[in-house]
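Peer 1:
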Amino acid sequence: MTAFRQRIVYLLVIFNILPHFGEVPSWIPMFGLIFVTWRWLSDLIKIPVPGRWITAGLATLCAAGVWAEFHRIVDDQAAVALLLLMVALKTFEIRGYRDVMFVTYLCLLLLMGKLLGNQSLPATIYMLIDVVLILSLMNLFHTPKGSIYRSPIRGVIRLLLQSSPILILLFVVFPRFHLRLFSPVRDTNATVGFSPRVTPGSVAQLLNSDAIAFRAFFSSGVIAPYSELYWRGAVLNHANGLNWDQKDEPVEPRTKSLLNGEKVEVTPEPSLSRWLFTLDWPLAINIEGGAPGLGLVKHAGLTYESGTSLMSGERYSFFFNSNSADVHWEGDPKAYLRVEGDMPETRKLVAGWIGRNPTPAQLISRAKTFFDENSFAYTLQPGTVSSVDEFLFKSKRGYCEHFAAATATFFRLSGIPARVVVGYQGGEPSLMGDYLIVRQQDAHAWVEYWSESEQAWMRLDPTMWIAPERIQLGARRYMERTAPGDLVAKQFPLVGRFLSPKLLSWLTRGQLMKDQAEVFWVNFLLHYDFDFQKSLFAKLGFEKISKILLAVVTLVVLVLSAAVAFALIRLRQRKTLDPMLKMYRELCERLARQGLVRHPGEGPLNYGRRAIARFPNQAEELREIFGLYIDARYANGFLSDRDFWKLRARIHNLRQITDPKRTA
Amino acid sequence: MRPPWMRTKRIFIIPTGHGLIFIGILLVMILTAASAGNNLVYILGFTLFAIYMLAMLHTHYNLKAIAWELGGLEDAFAGEPVRLTLKITNESGRDRFAYKVRTTDRKLSGKSSHLPAVGPSGRETLEVWVKADQRGEFQLPRLTVSTVYPMGLFYAWSYLEFEGKYCVYPVRMGEQSLQRSKAGEGDGRHCDTRLNEQNEDFQEHRRYQTGESYHRVDWKAYARSGDLLTKSYQDSVPEFYSLKWRDVSHLAVEARLSQLSLWIDQLHRRGVSFDLELPGTALKRGRGPQHAEACLRELARFSGEAA
């Protein structure tokens, strides 16, 4: 095996290890890289390659490491980790063709492991590239050394293109059985994002992340005005200064049936949080695409949580109604009055506004005036503020969680039940406007207070008073307005500061296009199941489709495609036969029919001589024909089209050859 | 009627061991995809499956694209391989790779021959070696041509059956010294002379005659004058030898044939004329490759019955 070929194997292994950073604990791909590098270096500068026993020892150590990490081996993630280390170790003993084939098989399985937890557009592109590379390697090792006229990649891509009709047909008709041989992988590359509590700066820190939290699809196709979109995540009932969290939950509410609510489907990005974000007052929340046993927890604030964090491919849908009065709020709202924490000045302030029992409207206007008159500032970098007093009377700078926590505290101090809600606000429409992209930076906190007259919880967003643009424009565009440099620097860290605003708007557009393509593809991958197949075939006019029937169709497709491919290649094969050779064969066949068979290995010169001797009647003609052929094929190798057709015609006219022996 | 060229008529194809492993991996993928409901893994599996199907066709056509012709067939002494030359024509418009040719009967096959590549519409020759242990005249054995290109997932093979005979001469063995006979003298004057040039005295140059041994050509003279001259030696060497069956009668049949085979070979190399007398046949005095071949073929075909 040449050093060049060997290095291509190492490169392929490295290419297959790299995407596992972030999928499995990073020591695993790191060790993989170390093994391959070790092997590579040993080829370059004579470091000894570990022998069989050391390799076996390393393999055992790796298995032990994986066990220590996952506490089990029969798990897809542990299996992927183990597989990765084994591929890397296998490079120590690549000696011949067999070992290379073994490496390609392991790489294919590793690729499958990568795809299991990650159905996305980049993963699809990676898969295609990897398949091309793996197959090219297989092809390379079956091409004799020194005979490569061109890179095998071109040939493999051609092979892939030729095979694409079979692939597409199979994908469409192959029945989607549900086997459930093992439980699916839980994503671990989830982004840290939402948490069901509020501390000063906890929401503002998410501004730095333009990672997508979820995408929402509205059944009507029309997205509600962005300022109306409050994605409720968790309702926080326990107040301690500016820190709010969830404790000692009161009774669950009941909701009336909502017949005219709009259906929204949400596809969350993999995340560690289990919260299901819903608009206003949701009903009939339903998790789809996941394992059947995923639990669903309903909280007192009418928010929902799934039993485990959602993995890619799982999604949920709900109906929503923006009328809070449609909910039967059970339990005592007085549970939302407790205020903990040391805040003497705030207590004094609220006591000074109105005596006891103000109406919510009165309190709202007093609070709004307070913020206006004291020139509070809405800022993306609020700094560190530890108490309500410090925020209200010293720094006077804050982000939404500061204002929401302070306002809810005002409510509670003046005897009106109130709570803080955290979630997301707004979102960004997709390029085609058919869905909404909600990012981590859209994280938001606001207030809900109890209205005695309506017997319902009402939404109040103090941010609207301080920075209404934040709500109207959405976090992203608000930042573009207020701190464009920061945003650009964050999105395009290297070149951002040198780009013109126009170019930037194009780049943003490009990002949206990418997202549109991504969503289109991922949605297709997620939704193509047996139900989809049924509706697809129904559209084609086949109403009753069973899985067995589809399996039969699959077989038929296989046989047909094989036949078509066979016929196609056969057709081309005929065309590519050297026309000169074909013509000579015709001549030979004609003579053979007259009883003059060409001997094996007999060249045209000798055969021609024999033919001339055998058929004296045609001697002159035969001499010329053979002469022309020999000249064209062996001497100058060229015959003009016209001469070629002439020669062919002469051969065809040889029909009249008569065998003197037979006629005699 | 067999066409003069051999185009592989029937092509057989089976998955290789690697092809079976590949199918195993594919099944694992489909089962995993069905279990996880993961369409991307389905796509991966189907892609590999489609590639698998196409690899079968391409392996098939890799073999089919080639026309095989028997270019030449040479006799050999027993114990040495018989060389046959195949003329190979790529009838397609693209590069074709990686063929292996051997005799179908593995007992007969020497080392298998590899043809790395043939260019579009290109021609190549390939030597195939057939093991020859026993003397005799043989029909050219069936050949197996095979390829696993492009992916190694399938093994396609076909048989080539050429009309052709070759002789395996008796192994050259026995005494180096030769009983010689003067022309016309049947008395068999014995003179043990080693067949080497030291015993001969240079006499004169003669013009080279076609068929004479190159060993006798005076290459130095050729370099000087450009004329092909043979060195003629003094009469210490007889003008010709008579090889007779009865002269080696003290040996067993096969040993006799071996002895004669050795002598014929030596005489031929020396460019000395000789005749051969075997029970039932006699070859007249002559020299040159054709004469030697005729004699050796007689030895190869010799059947003990006639003795």
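Chains as they are written, first to last, in the working numbering: chain A, -6 to 657; chain B, 11 to 317.
Don't be surprised by glycine CBs; every beta carbon is placed ideally from N, CA and C.
Here the structure is a predicted model, which means the values were calculated and not measured.
Skipping 5 residues on each side, what residues in its chain have a beta carbon closer than 8 Å to that of A585 (chain A)?
Peer 2: As a working note, residue 585 (chain A) is residue 592 in the first sequence. Cβ within range, chain order: R591.
Peer 1: Just to check my reading of the structure: R93 (chain B) and W167 (chain B) have Cβ atoms closer than 8 Å, yes? What is that Cβ distance to the nearest angstrom?
Peer 2: On the second sequence, position 83 is the one that residue 93 (chain B) refers to. On the second sequence, position 157 is the one that residue 167 (chain B) refers to. Going by Cβ atoms, the distance from R93 (chain B) to W167 (chain B) rounds to 22 Å, so no, they are not a contact pair.
Peer 1: With a threshold of 8 Å on Cβ separation, who are the neighbours of L99 (chain A) within its own chain once the five nearest residues in sequence on each side are excluded?
Peer 2: Residue 99 (chain A) sits at position 106 when you count from the first residue of the first sequence. Correct list, in chain order: L76, M79, V80, K83.
Peer 1: Could you have a look at N367 (chain A) and say whether DSSP puts it in helix, strand or coil?
Peer 2: As a working note, residue 367 (chain A) is residue 374 in the first sequence. Coil.
Peer 1: What number of angstroms, rounded off, separates the C-alpha of L497 (chain A) from the C-alpha of Y471 (chain A)?
Peer 2: Taking the first residue of the first sequence as position 1, residue 497 (chain A) is located at position 504. Taking the first residue of the first sequence as position 1, residue 471 (chain A) is located at position 478. Approximately 15 Å between the Cα atoms of the pair.
Peer 1: Hey, is S156 (chain B)'s beta-carbon within less than 9 Å of any beta-carbon in chain A?
Peer 2: The count along the second sequence starts at 1 and reaches residue 156 (chain B) at position 146. Not closer than 9 Å to any Cβ of chain A, the Cβ of S156 (chain B) fails to qualify, so no.
Peer 1: Tell me whether A277 (chain A) sits in a helix, a strand or coil according to DSSP, three-state version.
Peer 2: Within the first sequence, residue 277 (chain A) is the residue found at index 284, counting from 1. It is a strand residue.
Peer 1: According to DSSP, simplified to helix, strand and coil, what is N132 (chain A)?
Peer 2: Against the first sequence, residue 132 (chain A) aligns to sequence position 139. DSSP places N132 (chain A) in helix when its eight states are reduced to three.
Peer 1: Cβ closer than 9 Å: which chain B residues qualify as neighbours of T136 (chain A)?
Peer 2: Within the first sequence, the letter at position 143 stands for residue 136 (chain A). Near T136 (chain A) (Cβ distances below 9 Å), the residues of chain B are F107, A108, P126, A127, Y159, P160.
Peer 1: Go to Q149 (chain B), then tell me how far its alpha helix (DSSP H) extends in each direction, as first and last residue.
Peer 2: The residue you call residue 149 (chain B) lines up with position 139 of the second sequence. Where Q149 (chain B) is concerned, there is no enclosing alpha helix (DSSP H), although the beta strand (DSSP E) it sits in stretches over 146 to 149.
Peer 1: Helix or strand or just coil, what does DSSP make of Q418 (chain A)?
Peer 2: To locate residue 418 (chain A), count along the first sequence from 1; it is residue 425. Strand, per DSSP.
Peer 1: Unbroken alpha helix (DSSP H) runs of length 4 or more, entirely within the region 244 to 287 of chain B: which are they?
Peer 2: You should have 263 to 280.
Peer 1: Residues bridged to P261 (chain A) by DSSP?
Peer 2: Translated into positions along the first sequence, residue 261 (chain A) becomes position 268. For P261 (chain A), which the question treats as bridged, DSSP gives the partners A:F207.
Peer 1: Quick one: which unbroken beta strand (DSSP E) runs of 3-plus residues sit fully inside the region 65 to 124 of chain B? Chain order, please.
Peer 2: Entirely contained in the region 65 to 124 of chain B, the beta strand (DSSP E) runs reaching 3 residues are, in chain order, 76 to 83, 92 to 100, 106 to 113.
Peer 1: For the region 40 to 61 of chain B, list every residue whose C-beta sits within 9 Å of some C-beta in chain A, in sequence order.
Peer 2: Answer set for the region 40 to 61 of chain B: I40, L41, T42, A43, A44, S45, A46, G47, N48, N49, L50, V51, Y52, I53, L54, G55, F56, T57, L58, F59, A60, I61.
Peer 1: Just checking: is the beta-carbon of L67 (chain B) within a distance shorter than 9 Å of some beta-carbon in chain A?
Peer 2: Counting from one through the second sequence, the residue named residue 67 (chain B) turns up at place 57. Yes, L67 (chain B) lies at the interface with chain A (some Cβ there is under 9 Å from its Cβ).
Peer 1: Going along chain B in order, which residues have a C-beta closer than 8 Å to the C-beta of S156 (chain A)?
Peer 2: Sequence index remark: in the first sequence, residue 156 (chain A) carries index 163 (1-based). Correct list: T57, A60, I61, M63, L64.
Peer 1: Can you tell me whether DSSP reads P597 (chain A) as helix, strand or coil?
Peer 2: Counting from one through the first sequence, the residue named residue 597 (chain A) turns up at place 604. If DSSP states are grouped into helix, strand and coil, P597 (chain A) belongs with the helices.
Peer 1: Smallest Cα separation from L150 (chain B): which of B:V227, B:G81, B:L125, B:P130?
Peer 2: Position 140 of the second sequence holds residue 150 (chain B). The residue with the shortest Cα to Cα distance from L150 (chain B) is B:G81.
Peer 1: Consult DSSP for E308 (chain B) and reduce its assignment to one of helix, strand or coil.
Peer 2: Translated into positions along the second sequence, residue 308 (chain B) becomes position 298. Of the three classes helix, strand and coil, the one that applies to E308 (chain B) here is helix, per DSSP.
Peer 1: Looking at the ligand MN, does it come within less than 8 Å of V191 (chain A), judged from the CB to the closest heavy atom?
Peer 2: Absent from the structure shown: the ligand MN. Ligands present: none.
Peer 1: Thinking C-beta only, is A265 (chain B) closer than 9 Å to G184 (chain B)?
Peer 2: In the second sequence, residue 184 (chain B) corresponds to position 174, counting from 1. In the second sequence, residue 265 (chain B) corresponds to position 255, counting from 1. Yes; because the gap between Cβ atoms is below 9 Å, this pair is in contact.
Peer 1: Would you check if the distance between the CB atom of V158 (chain B) and the CB atom of H135 (chain A) is smaller than 9 Å?
Peer 2: Here residue 158 (chain B) refers to the residue found at position 148 when the second sequence is read from its first residue. Here residue 135 (chain A) refers to the residue found at position 142 when the first sequence is read from its first residue. It is a contact, given that the beta carbons lie within the stated cut-off.
Peer 1: Taking Cβ positions, are E298 (chain A) and P261 (chain A) nearer each other than 9 Å?
Peer 2: Position 305 of the first sequence, counted from the first residue, corresponds to residue 298 (chain A). Position 268 of the first sequence, counted from the first residue, corresponds to residue 261 (chain A). Their beta carbons are not under 9 Å apart, which means E298 (chain A) does not touch P261 (chain A) by this criterion.
Peer 1: How many angstroms separate the CA atom of G196 (chain B) from the CA atom of E617 (chain A)?
Peer 2: Here residue 196 (chain B) corresponds to residue number 186 of the second sequence, with the count starting at 1. Here residue 617 (chain A) corresponds to residue number 624 of the first sequence, with the count starting at 1. At G196 (chain B), the pLDDT of 40 sits below 50, so the modelled position is not reliable and the matter cannot be decided from this model.
Peer 1: Run down chain B in chain order and give the residues with a C-beta less than 9 Å from the C-beta of Q112 (chain A).
Peer 2: Position 119 of the first sequence, counted from the start, is the residue given in the question as residue 112 (chain A). The contacting residues are N48, N49, L50, V51.
Peer 1: Please report the distance separating the alpha-carbon of L505 (chain A) from that of S423 (chain A).
Peer 2: To locate residue 505 (chain A), count along the first sequence from 1; it is residue 512. To locate residue 423 (chain A), count along the first sequence from 1; it is residue 430. If you take the alpha carbons of L505 (chain A) and S423 (chain A), they lie about 6 Å apart.
Peer 1: If we ignore side chains and look at the alpha-carbon of each, how far apart do T95 (chain B) and S123 (chain B) end up?
Peer 2: As a working note, residue 95 (chain B) is residue 85 in the second sequence. As a working note, residue 123 (chain B) is residue 113 in the second sequence. The alpha-carbon atoms of T95 (chain B) and S123 (chain B) are separated by roughly 11 Å.
Peer 1: Checking contacts by CB at 9 Å: is S554 (chain A) closer than that to chain B?
Peer 2: Here residue 554 (chain A) corresponds to residue number 561 of the first sequence, with the count starting at 1. Yes, its Cβ sits closer than 9 Å to a Cβ of chain B.
Peer 1: For chain B, find out if any of its Cβ atoms is closer than 9 Å to the Cβ of A661 (chain A); answer yes or no.
Peer 2: Residue 661 (chain A) is absent from the model: chain A starts at -6 and stops at 657.
Peer 1: Between F59 (chain B) and the rest of its own chain, which residues show a CB-CB distance below 7 Å, the 5 nearest in sequence each way excluded?
Peer 2: To locate residue 59 (chain B), count along the second sequence from 1; it is residue 49. Only L36 meet the Cβ criterion.
Peer 1: On a CA-only basis, which of B:N48, B:S45, B:K294, B:N49 is nearest K254 (chain B)? Give me that one, please.
Peer 2: Position 244 of the second sequence, counted from the first residue, corresponds to residue 254 (chain B). Ranking B:N48, B:S45, B:K294, B:N49 by Cα distance to K254 (chain B) puts B:K294 first.
Peer 1: Quick check: is the beta carbon of Y79 (chain A) nearer than 9 Å to any beta carbon in chain B?
Peer 2: Here the question's residue 79 (chain A) lines up with position 86 in the first sequence. One detail in the question is off: residue 79 (chain A) reads as Met in this sequence, not Tyr. Not an interface residue.
Peer 1: From the DSSP output, in three-state form, read off I430 (chain A) for me.
Peer 2: On the first sequence, residue 430 (chain A) is found 437 positions in, with the first residue counted as 1. I430 (chain A) falls in the strand class under three-state DSSP.
Peer 1: Within 10 angstroms of its Cβ, does F313 (chain A) collect 16 or more other Cβ (buried), or is it exposed?
Peer 2: Locating residue 313 (chain A) in the first sequence gives position 320, counting from the first residue. Classification for F313 (chain A): buried.
Peer 1: Use the C-beta contact count for P299 (chain B): other C-beta atoms within 10 angstroms, 16 or more gives buried, fewer gives exposed.
Peer 2: Counting from one through the second sequence, the residue named residue 299 (chain B) turns up at place 289. With fewer than 16 other Cβ atoms within 10 Å, it is exposed.
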